[in-house]
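Asker: Residue numbers (numbering that gives the first Met the number 0): 0 to 165.
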Amino acid sequence: MKKDPYLLEIGHVVARHTAESISSQKIWSGVVAILQLLSVDYIITQNLTTLLFKLPNSRTHEREADLIGLRLMSKACYNPGAAPAMLERLGQLEKSVVPRKAFGFARTHPAPENRIKYLEAALPEAYQILESNPGCAEVRRHLDAFRETAHQAKFDELPELKFGRS
Numbered sequence: 000m001k002k003d004p005y006l007l008e009i010g011h012v013v014a015r016h017t018a019e020s021i022s023s024q025k026i027w028s029g030v031v032a033i034l035q036l037l038s039v040d041y042i043i044t045q046n047l048t049t050l051l052f053k054l055p056n057s058r059t060h061e062r063e064a065d066l067i068g069l070r071l072m073s074k075a076c077y078n079p080g081a082a083p084a085m086l087e088r089l090g091q092l093e094k095s096v097v098p099r100k101a102f103g104f105a106r107t108h109p110a111p112e113n114r115i116k117y118l119e120a121a122l123p124e125a126y127q128i129l130e131s132n133p134g135c136a137e138v139r140r141h142l143d144a145f146r147e148t149a150h151q152a153k154f155d156e157l158p159e160l161k162f163g164r165s
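1) Compare the beta carbon distance of S73 and I26 with 7 Å and say whether it is the shorter of the two.
2) Under 7 Å Cβ to Cβ from V138, same chain only, skipping five residues before and after it: list those, please.
3) Are there three or more Cβ pairs, one per stretch, closer than 8 Å when the stretch 59–73 is compared with the stretch 8–23?
4) Assuming the contact rule is C-beta atoms closer than 8 Å, P133 and R62 should be a hit. Round their C-beta distance to whole Å, please.
5) Could you name the residues of the same chain whose beta carbon sits closer than 8 Å to that of Q45, not counting the 5 residues immediately before and after it, in chain order?
6) Could you give the DSSP three-state label for V13: helix, strand or coil?
7) Among the candidates T107, T48, L86, whose CA atom is the shortest distance from the CA of K116?
8) Taking only three categories from DSSP, how would you classify G29?
9) In the DSSP assignment, find the alpha helix (DSSP H) that holds E119 and state where it starts and stops.
10) Which residue from L54, D40, L50, A82 puts its Cα closest to that of E8?
11) Give the single residue among Q151, L118, E19 whose Cα lies nearest to the Cα of P79.
12) Measuring only the C-alpha atoms, how far is E112 from I21?
13) Are the CB atoms of T17 and S57 nearer to each other than 7 Å?
14) Any idea what DSSP makes of D40, helix, strand or coil?
15) With 7 Å set as the bound, which would you pick, yes or no: does the beta-carbon of S22 sit closer than that to a beta-carbon of chain D?
16) Using DSSP with H/G/I as helix, E/B as strand and the rest coil, what is C135?
17) Please name the residue in P55, A152, R114 whose C-alpha comes closest to that of S23.
This is the structure in structure tokens:
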């Protein structure tokens with residue numbers, strides 16, 4: 000299913016990453032204030048804060064959200080294998096848009112190949128969660144029956160649907 004990997008984004012909400020970022024901003028503001036009192040240039044202060052605090056936390060949040068999302072996908076009877084596949088496509092798109100490889104420490108998200116590795120490592124647990132949910136077998140059975148019926152239907156015999164005013 001094309002919508003399966005979007006469940007990874009729900010991991011940010013579950014982990015309350017926005018609230019966590021707002022809370023940690025107090026620390027960053029304090030560090031910036033101290034550095035400015037020491038007459039460190041504002042731009043240097045902002046860049047240091049970003050490189051030392053914000054970006055590493057962002058990558059950590061992404062990893063955590065990916066793993067939470069993978070578990071949620073499994074619990075909701077979605078195919079957890081769709082997540083690494085989606086990140087593979089994302090990585091190919093990124094390479095076509097950004098020909099140079101960005102420095103790892105300057106990224107807001109882990110590199111797609113790293114995300115794929117840790118998600119693939121978590122797939123056995125995700126499939127175990129999927130298989131342990133007895134409702135998933137029933138969902139799969141209904142979905143397969145629907146697909147088979149749709150495949151066998153003769154759509155050319157259906158009347159043409161018209162929308163709007165006649």
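Heads up, the beta-carbon is just placed ideally off N, CA and C, and yes, glycines get one too.
Answerer: Judging by the given coordinates:
1) For the purposes of this step, residue 73 is identified with residue 74 of the sequence shown, where counting begins at 1. For the purposes of this step, residue 26 is identified with residue 27 of the sequence shown, where counting begins at 1. Not closer than 7 Å, so no.
2) Indexing the sequence shown from 1 puts residue 138 at position 139. The answer, listed in chain order, is C76.
3) Contact between the stretch 59–73 and the stretch 8–23 is present, with at least three C-beta pairs closer than 8 Å.
4) Working through the sequence shown from its first residue, we reach residue 133 at position 134. Working through the sequence shown from its first residue, we reach residue 62 at position 63. Not a contact, Cβ separation roughly 30 Å.
5) As a first step, residue 45 must be located in the sequence shown, where it is residue number 46. Only V31 meet the Cβ criterion.
6) Residue mapping note: residue 13 aligns to position 14 of the sequence shown, counting from 1. Helix at V13.
7) Residue mapping note: residue 116 aligns to position 117 of the sequence shown, counting from 1. Nearest of T107, T48, L86 to K116, Cα basis: L86.
8) Along the sequence shown, read from residue 1 onward, the residue named residue 29 stands at position 30. The answer is helix: DSSP assigns G29 an H, G or I state.
9) Position 120 of the sequence shown, counted from the start, is the residue given in the question as residue 119. 111–131 is the span of the alpha helix (DSSP H), which, as asked, contains E119.
10) Here residue 8 refers to the residue found at position 9 when the sequence shown is read from its first residue. It is A82.
11) Along the sequence shown, one-based indexing puts residue 79 at 80. If we check each option's Cα against that of P79, L118 comes out closest.
12) Residue numbering aside, residue 112 sits at position 113 when the sequence shown is read from its first letter. Residue numbering aside, residue 21 sits at position 22 when the sequence shown is read from its first letter. Looking at the backbone, the Cα of E112 and that of I21 are separated by about 29 Å.
13) Position 18 of the sequence shown, counted from the first residue, corresponds to residue 17. Position 58 of the sequence shown, counted from the first residue, corresponds to residue 57. S57 is positioned such that its CB atom lies no closer than 7 Å to that of T17.
14) Translated into the one-based positions of the sequence shown, residue 40 becomes position 41. Reduced to three states, the DSSP call for D40 is coil.
15) Of the protein chains in the structure, only one exists, and it is not chain D.
16) As a working note, residue 135 is residue 136 in the sequence shown. When DSSP states are grouped into helix, strand and coil, C135 belongs to the helix group.
17) Looking up residue 23 in the sequence shown gives position 24. Taking only the C-alpha atoms, the option nearest S23 is P55.
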